[in-house]
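In what follows, a structure is listed as structure tokens, so that the remarks can point back to it.
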Ligand SMILES: [Zn+2]
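In our numbering, the protein residues as written are 362 to 749.
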């Protein structure tokens with residue numbers, strides 16, 4: 362059994378290689394403040410597990426007495442599988458240790474019943490491994506989904522739009538795939554992806570808030586590098602945060618709830634009614650707006666304004682180093698991002714520097730695949746025994 366301290370050291374060394382690799386053992390010792398002997402021992406064990414290797418130009422007998430030979434992630438020898446379950450479809454992806462997507466597939470649901478979704482997912486996972494896995498060893502499977510997810514038990518406690526309650530997703534997929542499975546909420550997953558691989562990862566490891574606006578709207582926060590789970594895994598439910606200037610009726614019976622106002626479903630319904638798009642796809646609306654269509658731009662800016670109001674409130678609540686917003690419009694359209702930042706500046710009483718603090722997602726176009734992958738990669742990089 363690995364001790365807690367050696368697991369912490371292994372995580373620190375692995376993250377140093379992620380951040381700086383290829384990097385010499387002597388430099389790892391400097392950035393992690395571990396002793397040279399500890400780094401040598403930990404590196405040998407990480408090499409044995411196939412997670413890191415000596416950089417190819419330094420090929421030769423590995424090990425002791427070669428402190429300056431650079432180490433790098435074994436990015437093409439191992440992979441994780443990321444799964445995202447959304448309201449209209451599932452995403453299944455293969456990612457390397459740097460969180461880069463090797464391959465992904467998106468499939469609409471045949472039905473939303475877990476009894477049909479989970480076996481279909483298992484089939485798609487197997488197909489993706491066969492087609493794109495090659496000789497890579499799969500370290501684990503991560504599942505992200507909106508709504509209320511209990512990570513400790515691997516269950517989706519409640520996902521109102523899918524109609525799921527107490528669904529043991531982790532156990533079902535572990536049995537079907539034979540892989541270690543971890544399940545987490547979409548928002549916590551994306552925050553941990555920002556901390557590992559994001560554009561402002563260094564500051565996101567200090568303290569960060571992640572606001573996701575898709576069909577589901579949810580929030581995650583982290584302090585001291587740790588994403589908050591909470592005793593019930595329930596933090597971050599902001600669906601019914603009241604926002605001004607919204608006439609949409611929420612399923613909870615009230616008017617003016619954030620999720621009802623900005624959910625993709627509501628937005629694409631409005632866009633279809635206005636004849637802007639043919640399919641209920643948010644990305645189609647963003648495409649139309651990107652061509653300069655004023656009505657499409659206006660719809661997305663209105664959404665950015667409402668999301669910006671919620672973001673202002675979150676900034677005042679948490680005072681984070683960074684606030685990352687994953688919203689389809691702000692992630693791709695400079696005008697939407699500017700509107701969102703302006704709304705934060707106007708709505709926050711903390712007087713924050715919005716350009717330095719408010720950032721769009723680092724994974725535009727791939728947030729769902731990255732979310733699932735990050736749930737599995739979190740386990741690899743966290744201070745716990747790596748999946749093997
Ligand atoms: Zn509501």
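Think of the CB as a built atom: it goes at the ideal place given N, C-alpha and C, for glycine as much as any other residue. Just so we're clear, the structure is a prediction, and the values are computed from it rather than from any experiment.
Terminal residues of the beta strand (DSSP E) in which residue i lies
{"i": "residue 682", "result": "Taken as a continuous stretch (DSSP letters only), residue 682 belongs to no beta strand (DSSP E), as it is neither H nor E."}
{"i": "residue 526", "result": "525-528"}
{"i": "residue 500", "result": "498-506"}
Enclosing alpha helix (DSSP H) for residue i [first to last residue]
{"i": "residue 546", "result": "It is not in any alpha helix (DSSP H) - residue 546 instead sits in the beta strand (DSSP E) that spans 542-546."}
{"i": "residue 568", "result": "Careful: residue 568 lies outside any alpha helix (DSSP H), inside the beta strand (DSSP E) at 568-574."}
{"i": "residue 733", "result": "728-742"}
{"i": "residue 397", "result": "397-409"}
{"i": "residue 394", "result": "Element bounds for residue 394: n/a, residue is neither H nor E."}
{"i": "residue 715", "result": "715-718"}
{"i": "residue 564", "result": "562-565"}
Proximity below 8 angstroms, CB of residue i to CB of residue j
{"i": "residue 502", "j": "residue 737", "result": "yes"}
{"i": "residue 597", "j": "residue 580", "result": "yes"}
{"i": "residue 505", "j": "residue 546", "result": "yes"}
{"i": "residue 718", "j": "residue 665", "result": "no"}
{"i": "residue 406", "j": "residue 371", "result": "yes"}
{"i": "residue 574", "j": "residue 720", "result": "no"}
{"i": "residue 434", "j": "residue 379", "result": "yes"}
{"i": "residue 661", "j": "residue 675", "result": "no"}
{"i": "residue 609", "j": "residue 627", "result": "yes"}
{"i": "residue 430", "j": "residue 415", "result": "yes"}
{"i": "residue 726", "j": "residue 443", "result": "no"}
{"i": "residue 723", "j": "residue 558", "result": "yes"}
{"i": "residue 658", "j": "residue 696", "result": "yes"}
{"i": "residue 474", "j": "residue 481", "result": "no"}
{"i": "residue 577", "j": "residue 623", "result": "no"}
{"i": "residue 381", "j": "residue 388", "result": "yes"}
{"i": "residue 441", "j": "residue 400", "result": "no"}
{"i": "residue 455", "j": "residue 493", "result": "yes"}
{"i": "residue 730", "j": "residue 445", "result": "yes"}
{"i": "residue 673", "j": "residue 705", "result": "yes"}
{"i": "residue 529", "j": "residue 507", "result": "no"}
{"i": "residue 489", "j": "residue 467", "result": "no"}
{"i": "residue 544", "j": "residue 512", "result": "yes"}
{"i": "residue 550", "j": "residue 743", "result": "no"}
{"i": "residue 510", "j": "residue 594", "result": "yes"}
{"i": "residue 715", "j": "residue 702", "result": "yes"}
{"i": "residue 384", "j": "residue 377", "result": "yes"}
Bridge partner(s) assigned by DSSP for residue i
{"i": "residue 587", "result": "584"}
{"i": "residue 516", "result": "511"}
{"i": "residue 491", "result": "According to DSSP, residue 491 bridges with nothing at all."}
{"i": "residue 414", "result": "433"}
{"i": "residue 579", "result": "573, 598"}
{"i": "residue 721", "result": "686"}
{"i": "residue 643", "result": "Residue 643 is not bridged to any residue."}
{"i": "residue 384", "result": "432"}
3-residue-minimum beta strand (DSSP E) runs that sit fully inside the stretch 417-486, ordered along the chain:
List check, beta strand (DSSP E) in window: 431-434, 439-446, 450-456, 462-469.
What ranges does the alpha helix (DSSP H) occupy inside the stretch 601-630, keeping only unbroken runs of at least 4 residues that lie completely in it?
Taking only runs of at least 4 residues, the alpha helix (DSSP H) segments lying wholly in the stretch 601-630 are 619-623.
How about the stretch 480-500 and the stretch 700-717: do they share at least three Cβ pairs that are nearer than 8 angstroms?
By the Cβ rule, the stretch 480-500 does not count as touching the stretch 700-717, because fewer than three pairs are nearer than 8 angstroms.
Whether or not the stretch 455-468 and the stretch 543-563 are in contact is what I'm after, with contact meaning three or more pairs of Cβ atoms, one per stretch, closer than 8 angstroms; do they touch?
The stretch 455-468 and the stretch 543-563 touch, with three or more beta-carbon pairs separated by less than 8 angstroms.
Completely contained alpha helix (DSSP H) runs for the stretch 645-707, where each covers 4 or more residues:
You should have 655-679, 689-693.
Would you say the stretch 686-694 touches the stretch 663-671, given that touching needs at least three Cβ pairs under 8 angstroms?
Judged by pairs of C-beta atoms under 8 angstroms, the stretch 686-694 touches the stretch 663-671, as three or more such pairs exist.
Meets three-Cβ-pair contact criterion under 8 angstroms: the stretch 559-568 and the stretch 535-547
Judged by Cβ distances under 8 angstroms, the stretch 559-568 makes no contact with the stretch 535-547, as fewer than three pairs qualify.
Is the stretch 595-604 touching the stretch 629-639 in the sense that three or more CB pairs, one from each, lie closer than 8 angstroms?
No contact exists between the stretch 629-639 and the stretch 595-604.
Between the stretch 401-418 and the stretch 575-589, do three or more beta carbon pairs fall short of 8 angstroms?
In short, these stretches do not touch, since the Cβ pair count stays below three.
Closer than 8 angstroms is the cut-off here; do at least three beta carbon pairs connect the stretch 516-533 with the stretch 492-501?
Touching, no, given that fewer than three Cβ pairs across the two stretches are closer than 8 angstroms.
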